[in-house]
Amino acid sequence: MRKNILINIINSTYTFYRDGFRGMVLGKKLWTIILIKLFVMFVVLKLFFFPNYLNTRFATDEEKTNYVLEQITRTASKSQLK
Amino acid sequence: MIDIDLSMVNWARAQFALTAMYHWIFVPLTLGLSFLCAFFESIYVRTGDKQWQSITKFWMTLFGINFAIGVATGIILEFEFGTNWSNYSWIVGDIFGAPLAIEGIFAFFLEATFFAVMFFGWNRVSKRFHLFSTWMVAIGSNLSAVWILVANGWMQNPVGMLFNPETARFEMNNFAEVVFNPVAVSKFVHTSSSGFLFASLFVLSISCWYLIKGRHLQMAKKSIIVASVFGLLSSSFVAFTGDESAYVVAQKQPMKLAAIEGLYKGQIKAPIVAAGILNPDKKPGDHQDPFLIKVEIPYLLSLLANRSLNSFVPGIDDLVYGNEEQKIESIASKIDKGKAAINDLTQFKQAKKENNSQKAEISLANFRKNQEYMGYGYLNKPEEAIPSVAIPYYAFHIMVALGTLFPVIFAAFLFYALKDSLTQKRWLLPVGLISGLLGLIAQQSGWVVAEVGRQPWAIYGLLPVKMATTNLTAANVQITFFMFLGLFTILLAAEITILLKQIAIGPDGGPLK
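Quick note, the sequences are listed as chains S and G, same order.
Here our numbering = 1-based position in the first sequence + 6.
Here our numbering = 1-based position in the second sequence + 1489.
Below, the structure is given as structure tokens:
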């Protein structure tokens, strides 16, 4: 009995989303824009232009800590930067 | 002559500002339009009038377009943290992790469920459940904004944490203090209510366009009534929360308040500058008048800053060079303490390397004495602690002037809409038409005040922006700056094109499909 109720809920949720997506008109255009945007952001920008600086250079948290500590204690040289 | 600094730091700042400003076109509309849709639908469910259903579906479609184009534009800010601001990103990781994770999870579940019901659920679920979903989207969207503003509030007023020299991180030791940080609270209520105001102006703008064109008159008038009521209520709330925000700024970031008021010499019974033109030659510490021309309202700045007409409000000179009488410490003294803190941190690091636990313990104890001044140790001279005065000053006054104008606009539209004589007031309609743009200018000005006014700090008093960046060349950031400029301009053009097309179709186009 409980299993049937669960199956019904899953089934009706699935058809709800399926029919919703199938019936889209302007929504299709918007989804296309969203997908292109996400592709540009995560595949092009993130991969080629926005690597995580610390993650790509250091393997462990200890190395990252040491690097950042080194950076923020090298005041004389860095604080000349403006 | 404007001296433009083209260093990496400034390119990284410009890129962050560009991303945030584009992002902030979409967000306030989402925050406010979601509630307006909920109001329209509530009236429909209560009255059963099909015209209200049609109105709801129309504004819901515009809400959907704005949401779709704007979604994930904020993620780019996180990319920038990792690439351009790696020191900062590491140092605050422990503080920002929790709020941003909560926001991500919350937004995902909210959007995957209630958002789908809102758009796919017409005629599929009961009227009341559909209305419930619309309200949930409105409440949820606004609540998810809490967390990012908590993070921003912490940068403006770092509380509930301790710097751990072993990990080089600020570590949260009091979650409640971070969440209920007075800067975060005032920022959230002021920001979200200004989003309601902007969305009301957006609805007013488009409705006026229909009235000018003589199309969908009933829908436009009804939309104007709801938007004007919501806009008037939001305006009052924005004024109230703005006053609270200014009070918090005066208490926690007095330099920012001095900059946005162009106040160099502190005063008892300080007047507020209602309008004025700054003297471009004015320098801190000199005897020139900061203004070429100004109109003041007596006592008001003292009242705003300290809730007392006779209180002292410090100016830039007091904050930079100190004021013994008012017990204000000079920046030079703070720089000395900051340098001592950094020196102790260096000693601690060295002692750890040498496995000298006694020396490490002493260095750490010394560091703790001056840790709250750490950021000042990175400044080369006291004047570096002053933000640009002109930018936040003019942005603040533009924001306040527009914020004063908006309730007048809403009141006029509500009055004539209730008298059913809006179409005869041809002079008023163009004002309503451009009001959406004015709302956007006020929104952006508010963030300029908040972010430019807190310079030079990434974390107020603890980490200046120049120490928060990654060791990259300016060229690295320039390339991505222009890429973003292109990407966001395309997105904005797409938003405007699709919105205009949908507005031209009007409410007859039915719900978003």
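Every residue, glycine too, gets a C-beta built ideally from N, C-alpha and C.
Cβ-Cβ separation, residue j to residue i (assumed contact under 8 Å), whole Å
i: Ile-1766 of chain G; j: Ile-1782 of chain G; result: 5 Å
i: Pro-1787 of chain G; j: Tyr-1753 of chain G; result: Wrong, their Cβ atoms sit about 18 Å apart, outside the cutoff.
i: Pro-1881 of chain G; j: Ala-1993 of chain G; result: The Cβ separation is near 39 Å, so there is no contact.
i: Ile-1824 of chain G; j: Gly-1866 of chain G; result: 6 Å
i: Ala-1821 of chain G; j: Pro-1871 of chain G; result: 5 Å
i: Leu-1891 of chain G; j: Leu-1927 of chain G; result: 6 Å
i: Trp-1864 of chain G; j: Leu-1952 of chain G; result: Note that residue 1864 of chain G corresponds to Gly in the displayed sequence, not to Trp. Contact holds; Cβ gap of about 5 Å.
i: Thr-1623 of chain G; j: Met-1644 of chain G; result: The pair is not a contact, with the Cβ atoms about 33 Å apart (cut-off 8 Å).
i: Ile-1558 of chain G; j: Ile-39 of chain S; result: 6 Å
Buried versus exposed call for residue i [16 or more other C-beta atoms within 10 Å across all chains shown]
i: Asn-1869 of chain G; result: exposed
i: Lys-1702 of chain G; result: exposed
i: Ile-42 of chain S; result: exposed
i: Ala-1716 of chain G; result: buried
i: Ser-83 of chain S; result: Because Ser-83 of chain S sits at a pLDDT of 42, beneath the cut-off of 50, its placement in the model cannot be relied upon, and the following sentence gives the value as read from the coordinates. By the 10 Å Cβ count, Ser-83 of chain S comes out exposed.
i: Gln-1836 of chain G; result: buried
i: Gln-1777 of chain G; result: exposed
i: Thr-21 of chain S; result: exposed
i: Arg-1943 of chain G; result: buried
i: Pro-1919 of chain G; result: exposed
i: Thr-1893 of chain G; result: exposed
i: Phe-1598 of chain G; result: exposed
Residue i versus the options, residue with shortest Cα-Cα distance
i: Phe-1685 of chain G; options: G:Asp-1825, G:Leu-1638, G:Ile-1701, G:Val-1718; result: G:Val-1718
i: Arg-1857 of chain G; options: G:Ile-1985, G:Leu-1693, G:Phe-1595, G:Met-1650; result: G:Met-1650
i: Thr-1602 of chain G; options: G:Met-1625, G:Met-1497, G:Ala-1739, G:Val-1727; result: G:Met-1625
i: Glu-1940 of chain G; options: G:Ser-1683, G:Gly-1928, G:Ala-1627, G:Val-1954; result: G:Val-1954
i: Asn-1795 of chain G; options: G:Val-1809, G:Lys-1758, G:Ser-1819, G:Gly-1827; result: G:Lys-1758
i: Ala-1657 of chain G; options: G:Ser-1723, G:Tyr-1699, G:Val-1581; result: G:Val-1581
i: Arg-1875 of chain G; options: G:Lys-1914, G:Thr-1912, G:Gln-1847, G:Tyr-1810; result: Residue identity differs from the one stated: residue 1875 of chain G is Ile in this sequence, not Arg. When only C-alpha atoms are compared, the closest one is G:Tyr-1810.
i: Ile-1761 of chain G; options: G:His-1776, G:Met-1708, G:Phe-1652, G:Val-1889; result: G:Val-1889
i: Ser-1477 of chain G; options: G:Val-1560, G:Leu-1690, G:Asn-1646; result: In the structure displayed, chain G extends from 1490 to 2002; residue 1477 of chain G sits before or after that span and is not available.
i: Ser-1924 of chain G; options: G:Ile-1713, G:Thr-1835, G:Gly-1731; result: G:Ile-1713
i: Asn-72 of chain S; options: G:Asp-1770, G:Glu-1530, G:Pro-1654, G:Ala-1501; result: G:Pro-1654
i: Leu-36 of chain S; options: G:Gly-1995, G:Leu-1989, G:Ala-1983, G:Glu-1785; result: G:Ala-1983
Beta carbon proximity, residue i to chain G, threshold 8 Å
i: Lys-70 of chain S; result: yes
i: Thr-66 of chain S; result: no
i: Tyr-23 of chain S; result: yes
i: Leu-51 of chain S; result: yes
i: Phe-45 of chain S; result: no
i: Asn-14 of chain S; result: no
i: Asn-58 of chain S; result: yes
i: Leu-36 of chain S; result: yes
i: Ile-6 of chain S; result: Since the displayed chain S opens at 7 and closes at 88, residue 6 of chain S lies outside it and no answer follows.
i: Leu-41 of chain S; result: no
Interface flag, residue i vs chain S, CB-CB below 8 Å
i: Lys-2036 of chain G; result: The structure shown does not extend to residue 2036 of chain G, since chain G spans only 1490 to 2002, so no value can be given for it.
i: Gly-1765 of chain G; result: no
i: Phe-1804 of chain G; result: According to the sequence displayed, residue 1804 of chain G carries Gly and not Phe. No, no contact with chain S.
i: Arg-1613 of chain G; result: yes
i: Met-1625 of chain G; result: no
i: Asn-1576 of chain G; result: yes
i: Trp-1579 of chain G; result: yes
i: Lys-1823 of chain G; result: no
i: Ile-1992 of chain G; result: no
i: Met-1888 of chain G; result: no
i: Gly-1586 of chain G; result: no
i: Leu-1988 of chain G; result: no
i: Ala-1983 of chain G; result: yes
i: Leu-1980 of chain G; result: yes
i: Lys-1838 of chain G; result: yes
i: Phe-1609 of chain G; result: yes
i: Phe-1515 of chain G; result: no
i: Val-1966 of chain G; result: no
8 Å Cβ cutoff met for residue i and residue j
i: Ile-78 of chain S; j: Met-1956 of chain G; result: yes
i: Leu-1620 of chain G; j: Phe-1677 of chain G; result: no
i: Thr-1959 of chain G; j: Asn-1612 of chain G; result: no
i: Leu-1706 of chain G; j: Thr-1550 of chain G; result: no
i: Ser-1852 of chain G; j: Asp-1833 of chain G; result: yes
i: Asn-58 of chain S; j: Gly-1593 of chain G; result: no
i: Ile-1565 of chain G; j: Met-47 of chain S; result: yes
i: Phe-1970 of chain G; j: Ala-1590 of chain G; result: no
i: Trp-1513 of chain G; j: Gln-1932 of chain G; result: yes
i: Leu-1525 of chain G; j: Ala-1709 of chain G; result: no
i: Ala-1735 of chain G; j: Leu-1808 of chain G; result: no
i: Gly-1642 of chain G; j: Ala-1596 of chain G; result: no
i: Val-1938 of chain G; j: Ala-1849 of chain G; result: no
i: Asn-2015 of chain G; j: Ala-1829 of chain G; result: Any answer about residue 2015 of chain G is impossible in this case: the structure gives chain G only from 1490 up to 2002.
i: Phe-1528 of chain G; j: Ser-1724 of chain G; result: no
i: Leu-1693 of chain G; j: Leu-1903 of chain G; result: no
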